[in-house]
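Enquirer: Chains as they are written, first to last, in the working numbering: chain U, 5 to 293; chain Z, 19 to 354.
The structure under discussion is supplied below as structure tokens; questions concerning it will follow.
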Amino acid sequence: MVSNAPAHRPQAAGLPTPMLPQPFQIQRVSQETPDTFTLVLQPASGTAPFCFLPGQFNMLYAFGVGEVPISISGDPAHTQILVHTIRAVGTVTKAIQKLKPGRVLGVRGPFGSHWPVAEAAGHDIVIVVGGLGLAPLRPAIYQILAHRAEYGNFELIVGARTPADLLYHKELERWRGRFDFRVHVTVDSASPAWRNNVGVVTTLIPRARFDPWQTAALVCGPGVMMRFTVQELLQRGVKPENIYISMERNMQCGIGLCGHCQLGPYFICKDGPVFAFDQIEKWFALREI
Amino acid sequence: MYDGLAAAADLPRGWTDEQEAGSFRLKPQGNQAFFGCTVGQHSWKTFLLPPRTKLWQAERQGHGVEIVPHQEQTPKFAFIGVRPCDLHAIAVQDRVFLEGPYVDPVYQARRRLAFIVAVNCTRAGGTCFCASMGTGPQATTGFDLALTEILHGLEHYFLVEVGSDQGAEVLQEVPHKPATTAVQTLANKLIQETTAHMGRHLDSDGLKELLYRHYDHPRWDEVASRCLTCGNCTLVCPTCFCNAIEDVTDLTGEHAERWRRWDVCFNVDHSYIHGGSIRTSAKARYRQWLIHKLATWIDQFGCSGCVGCGRCITWCPVGIDITAEVRAIRESEKEE
Ligand SMILES: Cc1cc2nc3c(=O)[nH]c(=O)nc-3n(C[C@H](O)[C@H](O)[C@H](O)COP(=O)(O)OP(=O)(O)OC[C@H]3O[C@@H](n4cnc5c(N)ncnc54)[C@H](O)[C@@H]3O)c2cc1C
Ligand code: SF4
Ligand code: SF4
Ligand code: FES
């Protein structure tokens, strides 16, 4: 068991690490959009690697303010740093936004299920994201690109409200320059200077090249976006068990003990957040569940 | 209610309870029984999963933070008079908190030390339906000692069943003798009568599937028009385990603590995510509670989340009855 307590203090018999935040120091902050930023973190002491699978999340604790679930958005191969992309929307995320490099955050995790990246080897890959949904999928993209030869066609479809809301601008540009996968970008609205697609992400799905019978589709974004995207993918013949989506609920413990993240029979924190569509289809269709 | 006992004289000897939907009354029983009361508003989760627990404290140190787990001297409890339904409720919470993938350390430490003296039920409470849920009125496992209190003519004694080595050790210190067949027969008869006199019944046959078929049943609107979303039912329920995290800080901002407290799925905040709560209507919240208890719980933990103790019926201020709600849904299928 790891503890932050100095040596003179007795190790607690009680709380195991999953309930105890570990201090991580902010190395770098970069602004993605007006309200979204990316943090690069390192353990405040020691150099223990942080290993995770794409799609997993951490609980981030802002001192004295509170704790929120945030997906890991960095490269799973880079275990010396921890990367999170956060939109400042409320109490805790705004408190985190105020922290400068050098300050410390509490981290619990990684928790939850992952995108089936390794499992999808041999398949075509379609990734469809809306807005912040690119953050939890970026680790999957890194991992696929690192093992590119193991996959068939790879199509990435990125949607945002406006060009200013696109995450990872420079990286998207770099990806678009590559010849080993296709990146489609669209926004809901833009000024005439925007030379790319305008419209919702679903309009780009018919353009993507993949063999529906041999495709794994990974989808993340706002609820409505996921609903329509899944419909479109099903229509193109992708099997429901090969479509994966990431779900969101209130989370407090992250470890299946507080009851807040329930979706029907599932605890999103331990059974999710990533689910195969056939697994949750029934619950996904219901309101106020 | 459950509280500290210093001596047998602290037991509510000679008292019994009268329970109905939305009502609970204590009255003298006219005998000297120690365990004449069935279950009240408290359950043993009060001790195993305290309503408020401090998890850790943190100090700001320059730019850094030091987080230190809260040290608790684990209290060692002996629970006296645990009813069979509540033994099952403890077993249900064991599944929730001990069977992973993550274990709750506070629950685990307290649970490990608890000594349990069960009491079989020789009278059904007014809202009990343990027989339907297969959880009573006789204790079968999960105790150190199980008592049956027998008042027969002028005689007053306990039949004891030993459930563990520790139970046997404790029994060594109490005067006792082997039970005769006649005594055992009498005890069995009393327990059987309890089953026969149980006023409520919940048909659990295919219950999960029934509820999964009826997420959109009009009965949810109907019950929501009566439910006050006060959450009493969840607080008295011996298996409800939802808890919320509270992060607090002192005025200097240098010292922070994390507490955990019981939470209630009837609160709108329970399902809050940025942009609004998931379950805003009373209908959705009542449905979440009932379907969790009786259906999704089975998928989650391999057992029902209801042990038929009847507390939620008794302590609901408007007398909503979980057995009646299920019956209404079941019967509507028959009418179709
Ligand atoms: C699995 C998962 C992954 C996520 N990944 C990211 C990510 O990579 N980047 C990002 O910016 N956001 C992510 N979110 C959403 C993020 O957790 C919320 O935006 C955040 O909790 C808002 O907290 P707040 O205190 O700033 O907002 P407030 O509106 O002030 O919320 C108050 C409290 O409500 C709870 N809460 C509010 N919204 C949510 C929510 N959506 N999910 C869970 N609890 C909530 C939290 O306890 C929060 O502290 C993720 C959510 C989940 C469930
Ligand atoms: S749901 Fe009601 S009857 Fe069932 S265990 Fe909980 S309080 Fe008792
Ligand atoms: S069912 Fe009764 S006890 Fe439960 S929340 Fe509704 S009014 Fe309160
Ligand atoms: S976040 Fe507590 S059970 Fe999932």
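Positions of the beta carbon are idealized from the N, C-alpha and C atoms, including for glycine.
(1) Please decide whether U:Asn254 counts as near chain Z, where near means a Cβ-Cβ distance under 8 Å.
(2) Whole angstroms are fine: how far does the CA of U:Val121 sit from the CA of U:Val278?
(3) Closer than 7 Å: is that where the CB of U:Ala144 sits relative to any heavy atom of ligand 1?
(4) What are the start and end residues of each continuous alpha helix (DSSP H) run of 4 or more residues lying completely inside the segment 196-278 of chain U, in chain order?
(5) Have a look at Z:His170, Z:Gly337 and Z:Pro102 and flag the residue whose alpha-carbon is nearest the alpha-carbon of Z:Asp162.
(6) Under 7 Å: does the beta carbon of U:Gly260 sit that close to some heavy atom of ligand 4?
(7) For Z:Ala142, report the span of its beta strand (DSSP E) as first-last.
(8) Anything in chain Z within Cβ reach of U:Arg107, meaning under 8 Å, just list it in chain order.
(9) To test your reading of the DSSP string, which unbroken beta strand (DSSP E) runs of 3 or more residues are found completely within the segment 154-205 of chain Z?
(10) Would you mind stating whether Z:Trp307 and Z:Phe284 have Cβ atoms separated by less than 8 Å?
(11) Would you decide whether Z:Met19 is buried or exposed? Buried here means 16 or more other CB atoms lie within 10 Å of its CB.
(12) List the residues of chain U that Z:Arg78 touches, going by C-beta distances under 7 Å, in chain order.
(13) Taking a cut of 7 Å between CB atoms, which residues from the segment 224-247 of chain U lie near chain Z?
(14) When burial is assigned at 16 or more other CB atoms within 10 Å of the CB, is Z:Lys301 buried or exposed?
(15) Between the segment 305-336 of chain Z and chain U, which residues of the former have CB atoms less than 9 Å from a CB of the latter, in chain order?
(16) Please work out which residues of its chain come closer than 7 Å, Cβ to Cβ, to U:Pro22, disregarding the five sequence neighbours upstream and downstream, and give them in chain order.
(17) Which residue marks the beginning of the alpha helix (DSSP H) containing U:Glu177, and which one marks its end?
(18) Taking 8 Å as the cut-off, does the segment 147-154 of chain Z touch the segment 212-227 of chain Z (at least 3 CB pairs, one atom from each stretch)?
(19) Alpha carbon to alpha carbon, what distance is there between U:Gln218 and U:Lys243?
(20) Could you tell me which of U:Pro53, U:Cys273, U:Ala66 and U:Asp39 sits nearest to U:Asp79, measuring between CA atoms?
(21) Mark U:Pro210 as exposed unless 16 or more other C-beta atoms lie within 10 angstroms of its C-beta, in which case mark it buried.
(22) Does chain C have any CB closer than 8 Å to the CB of Z:Thr298?
(23) Going residue by residue through the segment 69-128 of chain Z, where are the continuous beta strand (DSSP E) segments of at least 3 residues, counting only ones entirely within it?
(24) Would Z:Leu189 count as contacting chain U if we go by Cβ distances under 8 Å?
(25) Beta carbon of Z:Ile168, beta carbon of Z:Leu204: below 8 Å?
(26) Let me confirm a value: Z:Gln111 is counted as buried when at least 16 other C-beta atoms fall within 10 Å, else exposed. Which label applies?
(27) Straight-line CA distance for Z:Ile296 to U:Cys224?
(28) For Z:Ser243, which option in Z:Glu272, Z:Ser299 and Z:Thr158 has the closest C-alpha, if you only look at C-alpha atoms?
(29) Taking 7 Å as the cut-off, is the C-beta of U:Glu36 nearer than that to any heavy atom in ligand 1?
(30) For Z:Glu36, write down the residues that DSSP places opposite it in a beta bridge.
(31) Within 7 Å: the Cβ of Z:Ile340 and any heavy atom of ligand 2?
(32) With DSSP run on the structure shown, which of helix, strand or coil describes U:Phe185?
(33) DSSP beta-bridge partners for U:His88?
(34) Please state whether the Cβ-Cβ distance between Z:Leu73 and Z:Arg303 is less than 8 Å.
(35) Please list, in chain order, all residues of the same chain as U:Lys98 whose beta carbon is under 7 Å from its beta carbon, the five residues on each side excluded.
(36) Check whether the segment 135-147 of chain U touches the segment 67-83 of chain U, counting contact only when three or more Cβ pairs, one atom from each stretch, lie closer than 8 Å.
Expert: Per the coordinate set shown:
(1) Here residue 254 of chain U is taken as the residue at index 250 of the first sequence, counted from 1. Yes, U:Asn254 counts as interfacial toward chain Z.
(2) Translated into positions along the first sequence, residue 278 of chain U becomes position 274. Translated into positions along the first sequence, residue 121 of chain U becomes position 117. Rounded to the nearest angstrom, the two C-alpha atoms are 12 Å apart.
(3) Taking the first residue of the first sequence as 1, we reach residue 144 of chain U at position 140. Set against 7 Å, the gap from the CB of U:Ala144 to the closest heavy atom of ligand 1 is not smaller.
(4) Entirely contained in the segment 196-278 of chain U, the alpha helix (DSSP H) runs reaching 4 residues are, in chain order, 227-239 and 272-275.
(5) Here residue 162 of chain Z is taken as the residue at index 144 of the second sequence, counted from 1. The candidate whose alpha carbon is nearest that of Z:Asp162 is Z:Pro102.
(6) Numbered from 1 along the first sequence, position 256 holds the residue referred to as residue 260 of chain U. Indeed, a heavy atom of ligand 4 lies less than 7 Å from the Cβ.
(7) Counting from one through the second sequence, the residue named residue 142 of chain Z turns up at place 124. Run containing Z:Ala142: none; DSSP gives neither H nor E here.
(8) For this step, residue 107 of chain U is matched to residue 103 along the first sequence. Residues of chain Z passing the Cβ test: His81.
(9) List check, beta strand (DSSP E) in window: 163-170 and 173-180.
(10) Counting from 1 along the second sequence, the entry for residue 307 of chain Z is found at position 289. Counting from 1 along the second sequence, the entry for residue 284 of chain Z is found at position 266. Yes, the Cβ-Cβ distance between Z:Trp307 and Z:Phe284 is below 8 Å.
(11) For the purposes of this step, residue 19 of chain Z is taken as the residue at position 1 of the second sequence. Per the 10 Å Cβ criterion, exposed.
(12) Your numbering for residue 78 of chain Z matches position 60 in the second sequence. Phe67, listed in chain order.
(13) none
(14) The residue you call residue 301 of chain Z lines up with position 283 of the second sequence. Buried.
(15) So the close ones are Arg305, Gln306, Ile309, His310, Ala313, Thr314, Trp315, Ile316, Asp317 and Gln318.
(16) For this step, residue 22 of chain U is matched to residue 18 along the first sequence. Closer than 7 Å at Cβ, skipping near neighbours: Arg112 and Ile259.
(17) The sequence position of residue 177 of chain U within the first sequence is 173, counting from 1. Unbroken alpha helix (DSSP H) run through U:Glu177: His173 to Arg180.
(18) yes
(19) What you label residue 243 of chain U is simply residue 239 of the first sequence in a count that begins at 1. What you label residue 218 of chain U is simply residue 214 of the first sequence in a count that begins at 1. Their Cα atoms are separated by approximately 9 Å.
(20) Locating residue 79 of chain U in the first sequence gives position 75, counting from the first residue. Of the candidates U:Pro53, U:Cys273, U:Ala66 and U:Asp39, the one whose C-alpha sits nearest the C-alpha of U:Asp79 is U:Pro53.
(21) On the first sequence, position 206 is the one that residue 210 of chain U refers to. Flag for U:Pro210 reads exposed.
(22) Of the protein chains in this structure, namely U and Z, none is chain C.
(23) 70-79, 82-87 and 96-100
(24) On the second sequence, residue 189 of chain Z is found 171 positions in, with the first residue counted as 1. Not an interface residue.
(25) Reading the second sequence from its first residue, position 150 is the one you call residue 168 of chain Z. Reading the second sequence from its first residue, position 186 is the one you call residue 204 of chain Z. Against a cut-off of 8 Å, the Cβ pair of Z:Leu204 and Z:Ile168 comes out as a contact.
(26) Working through the second sequence from its first residue, we reach residue 111 of chain Z at position 93. When all chains shown are included, Z:Gln111 counts as buried.
(27) Taking the first residue of the second sequence as 1, we reach residue 296 of chain Z at position 278. Taking the first residue of the first sequence as 1, we reach residue 224 of chain U at position 220. Going by the C-alpha atoms only, they are around 18 Å apart.
(28) Looking up residue 243 of chain Z in the second sequence gives position 225. Of all alpha-carbon atoms in Z:Glu272, Z:Ser299 and Z:Thr158, the one lying nearest the alpha-carbon of Z:Ser243 is that of Z:Ser299.
(29) The residue given as residue 36 of chain U occupies position 32 in the first sequence. The answer is no for U:Glu36.
(30) Sequence index remark: in the second sequence, residue 36 of chain Z carries index 18 (1-based). Beta-bridge pairing links Z:Glu36 to Z:Arg43.
(31) Along the second sequence, read from residue 1 onward, the residue named residue 340 of chain Z stands at position 322. It does: the Cβ of Z:Ile340 is within 7 Å (strictly closer) of some heavy atom of ligand 2.
(32) Translated into the one-based positions of the first sequence, residue 185 of chain U becomes position 181. Three-state DSSP puts U:Phe185 in coil, outside helix and strand.
(33) Locating residue 88 of chain U in the first sequence gives position 84, counting from the first residue. DSSP lists U:Leu43 as partners of U:His88.
(34) Taking the first residue of the second sequence as 1, we reach residue 73 of chain Z at position 55. Taking the first residue of the second sequence as 1, we reach residue 303 of chain Z at position 285. Their beta carbons are not under 8 Å apart, which means Z:Leu73 does not touch Z:Arg303 by this criterion.
(35) The count along the first sequence starts at 1 and reaches residue 98 of chain U at position 94. Ala92, listed in sequence order.
(36) yes
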